[in-house]
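Here is the structure we will look at, set down as structure tokens.
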Amino acid sequence: MVINILNPGRNGVADWMIQRASAVILGLYTIFMVAYMMFHPDLDYAAWSGLFSHLWMKVFTLLALLSIAAHAWVGLWIVATDYIKPAAIRFGALLFVILALFVFVVWGVQVIWGV
Amino acid sequence: MSTLQVSVYRYNPESDDAPWMQDFEIDTQGRDLMVLNVLQMIKEQDSSLVYRASCREGVCGSDGMNMNGKNGLSCVTPLSEVVKDNRLVLRPLPGLPVIRDLIIDMSLFYKQYERIQPYLQNDERPPSIERLQSPEDRDKLDGLYECILCACCSTSCPSFWWNPDKFVGPAGLLQAYRFLADSRDTHTQERLSELDDPFSVFRCRGIMNCVNVCPKGLNPTRAIGKIREMLVRNTA
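Chains as they are written, first to last, in the UniProt record's numbering: chain A, 1 to 115; chain B, 1 to 236.
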């Protein structure tokens with residue numbers, strides 16, 4: 001069963017907490033980004049790459065990236081189990097989602113540590 | 001003009017290939033009748049129409065139906081509350097199989113109700129008279145025990161429409177919390193462990209359709225929030 005194999009957390013409580021925690025991290029990251037851009041109206045390449053050269057920024061960005069992956073996985077798993085009833089199609093869709101998220105995370109790590 | 005245009009969902013699986021809408025003109029003589037009164041007048045015009053009704057005062061919960069798009073009990077819903085542009089559309093409660101006309105098969109609804117074990121469970125020896133409860137503990141059951149299981153809430157809930165076999169639904173969860181909150185019930189842990197999967201409770205997305213339609217003015221969303229809080233406390 002898809003529910004068992006591709007279930008993100010141990011149970012509904014874990015899913016629920018993952019979704020809340022990742023939402024808080026994403027909220028903080030968004031606030032930080034918006035604030036940073038507001039305080040740097042003449043943002044250029046040097047300042048932008050300077051920001052991402054700090055280790056704390058790399059860690060913060062990676063945390064946000066992992067939060068996106070976790071949040072999207074829990075959310076899309078819920079959407080898929082609501083709306084995609086044929087098990088084979090749902091399995092395929094969820095497999096696509098998790099592969100895409102995996103690629104995004106690996107790619108994102110390369111981008112962040114490439115600075 | 002006191003003639004009300006009423007459109008009623010008709011479906012008899014023995015003779016109809018598909019559901020259809022039948023139109024009636026009902027002379028209300030300008031009175032603000034209850035929707036059930038209108039149904040009774042329709043029944044005089046066409047006795048083949050079937051619907052459930054019993055107490056006709058919002059206590060038995062038999063005549064839940066969809067009136068101009070909103071679920072409710074037809075016996076306690078005045079025309080003035082639902083009729084728009086002199087038109088009334090009556091359909092069965094959505095999301096569950098139709099047996100005939102306005103009568104739905106509520107088996108899944110009852111199955112979910114049965115699943116939460118809606119009865120007091122206490123392993124301690126019964127006292128000689130009765131299990132006592134403080135007035136404060138008794139107050140915790142207000143807003144929970146009044147549910148009449150009319151299914152207006154669960155059949156207005158999209159989460160219940162998509163997963164009626166796995167999501168308990170607002171009506172069942174309100175009753176689940178009624179026993180979780182009862183100081184005399186000792187099976188809290190067992191009850192919670194039956195509810196911690198991703199579907200039973202957590203499929204609720206808090207859109208509050210249940211609160212919007214409950215004819216008894218109850219708040220299943222709040223009860224679900226309390227269950228979720230108990231589950232999180234239990235785990236974290």
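C-beta: ideal position from N, C-alpha, C; glycine also. Just so it is clear, the structure is predicted and the values come from calculations on it, not from any experiment.
Query	Result
Using DSSP's beta-bridge definition, name the partner residues of asparagine 71 (chain B).	B:Asn66
What does a CB cutoff of less than 8 Å around leucine 51 (chain A) pick up in its chain, not counting 5 residues either side in sequence?	Tyr36 and Met57
Rounded to the nearest angstrom, what separates phenylalanine 96 (chain A) and valine 34 (chain A) at their Cα positions?	31 Å
Flag proline 13 (chain B) as yes if its beta-carbon sits less than 7 Å from any beta-carbon of chain A, otherwise no.	no
Quick one: does threonine 186 (chain B) have its CB under 7 Å from some CB of chain A?	no
Measure the Cβ-Cβ separation of valine 98 (chain B) and methionine 67 (chain B) and say whether it is below 7 Å.	no
Would you mind telling me which residues of chain A sit closer than 7 Å to valine 201 (chain B), beta carbon to beta carbon, in chain order?	Gly12
What is the DSSP secondary structure of glutamate 25 (chain B), counted as helix, strand or coil?	strand
I think valine 50 (chain B) touches glutamine 112 (chain B), with their Cβ atoms under 8 Å apart; what is that distance to the nearest whole Å?	Going by Cβ atoms, the distance from valine 50 (chain B) to glutamine 112 (chain B) rounds to 25 Å, so no, they are not a contact pair.
Can you tell me whether serine 15 (chain B) is helix, strand or coil according to DSSP?	coil
Cα-Cα, which of B:Val89, B:Cys147 and B:Asp182 is closest to proline 135 (chain B)?	B:Asp182
Start and end of the alpha helix (DSSP H) containing serine 7 (chain B)?	It is not in any alpha helix (DSSP H) - serine 7 (chain B) instead sits in the beta strand (DSSP E) that spans 3-10.
On a Cα-Cα basis, can you pick out the residue from A:Phe60, A:Asp15 and A:Tyr45 that is closest to isoleucine 31 (chain A)?	A:Phe60
Mind checking if residue 294 (chain B) is an interface residue toward chain A, Cβ cutoff 7 Å exclusive?	Because chain B here runs from 1 to 236, residue 294 (chain B) falls outside it and cannot be looked at.
Helix, strand or coil, according to DSSP, for isoleucine 68 (chain A) in the structure here?	helix
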